[in-house]
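Trainee:
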Amino acid sequence: DGATEHDRAFGSAVHAGLAELFHGKGLGVAEDALRAAYPVQLDPEDKAKTQENGLKLLAEFQAGANQNYGGYEVVQVEKAGTVKLNESVNFLVKPDVILKQKSSGEFYGSDHKSTKNSLSPQFWSQFEPAAWLSAQSAYIEQEYGSCSGVFINGISFGYRSRMYKGEPAGFHSNIERQLFNRNSLQIERWKEDALIWIGRIEEAKQKKV
Numbered sequence: 224d225g226a227t228e229h230d231r232a233f234g235s236a237v238h239a240g241l242a243e244l245f246h247g248k249g250l251g252v253a254e255d256a257l258r259a260a261y262p263v264q265l266d267p268e269d270k271a272k273t274q275e276n277g278l279k280l281l282a283e284f285q286a287g288a289n290q291n292y293g294g295y296e297v298v299q300v301e302k303a304g305t306v307k308l309n310e311s312v313n314f315l316v317k318p319d320v321i322l323k324q325k326s327s328g329e330f331y332g333s334d335h336k337s338t339k340n341s342l343s344p345q346f347w348s349q350f351e352p353a354a355w356l357s358a359q360s361a362y363i364e365q366e367y368g369s370c371s372g373v374f375i376n377g378i379s380f381g382y383r384s385r386m387y388k389g390e391p392a393g394f395h396s397n398i399e400r401q402l403f404n405r406n407s408l409q410i411e412r413w414k415e416d417a418l419i420w421i422g423r424i425e426e427a428k429q430k431k432v
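One gets the working numbering by counting positions in the sequence shown from 1 and adding 223 to each.
1) Closest to Leu322 by CA distance: which of Lys428, Lys414, His246 and Ile421 is it?
2) Rounded to a whole number of angstroms, what is the C-alpha to C-alpha distance between Ala361 and Lys248?
3) Would you decide whether Val320 is buried or exposed? Buried here means 16 or more other CB atoms lie within 10 Å of its CB.
4) Can you list the beta strand (DSSP E) stretches of 3 or more residues lying completely in the region 252-324, in chain order?
5) Are there 16 or more other CB atoms within 10 angstroms of the CB of Ile419, so buried, or fewer, so exposed?
6) So for Leu244, helix, strand or coil by DSSP?
7) Secondary structure at Ser396, three-state DSSP: helix, strand or coil?
8) Phe330 and Ser369 look like a contact to me (Cβ under 8 Å); what is the Cβ gap, rounded to whole Å?
9) Between Asn340 and Gly372, which are expected to be in contact by the criterion C-beta below 8 Å, what is the C-beta distance as a whole number of angstroms?
10) Which of the three DSSP states, helix, strand or coil, is assigned to Lys336?
11) With DSSP as the reference, please indicate the residues paired to Ile375 in a beta bridge.
12) By DSSP, does Arg231 sit in helix, in strand, or in coil?
13) Note the first and the last residue of the continuous alpha helix (DSSP H) segment covering Phe350.
14) Ala239 to His335, Cα distance in whole Å?
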């Protein structure tokens, strides 16, 4: 809500760089992807969302990637698919990443969410009721037989004009990861709700005609 062209462009550029990292292309290719997607600073007043700071975020993510994802095989990156809700309705999804744990063979999703706020309990709690998370879990379960959860990479960043609580002025960032699960009952409930809302939308469209 309230996202400007500048916000969307910067977010898309960071996503493009992260996609290359998960493709295993390396930091240099990821940086090139970000530069290509965000070549010009669209908002000169925004000192946080700059190309230089985007590159810093990629480097920070890559630095922790081996620790966080070293035991996983990347199965799919930024590829759209559909969840079959019934015989006539398919629901479009596009997971950022799908992973397979090497030791157990279990499948997971992974999604990137950025914020200007801290990665507080309030930030993480917003994902518990998120319908898109149920949709991605349903897709992974449908395509790979099971889904053991979806990792959310929380990416917090901003710019301080002065020192704050002993931390230096300038660009600052923090990246954390948490796992969210959906059980079979939650996924079935999401499918039912999705079909109800799709039906209401179709009904409204018919009334408008």
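Glycine included, each C-beta is placed from N, C-alpha and C at the ideal position.
Mentor: So, to answer that:
1) His246
2) 29 Å
3) buried
4) 295-300, 304-307, 313-316 and 320-324
5) exposed
6) helix
7) strand
8) 6 Å
9) The pair is not a contact, with the Cβ atoms about 24 Å apart (cut-off 8 Å).
10) strand
11) Asp334 and Gln401
12) helix
13) Segment: none, Phe350 is in no alpha helix (DSSP H) and carries neither H nor E.
14) 11 Å
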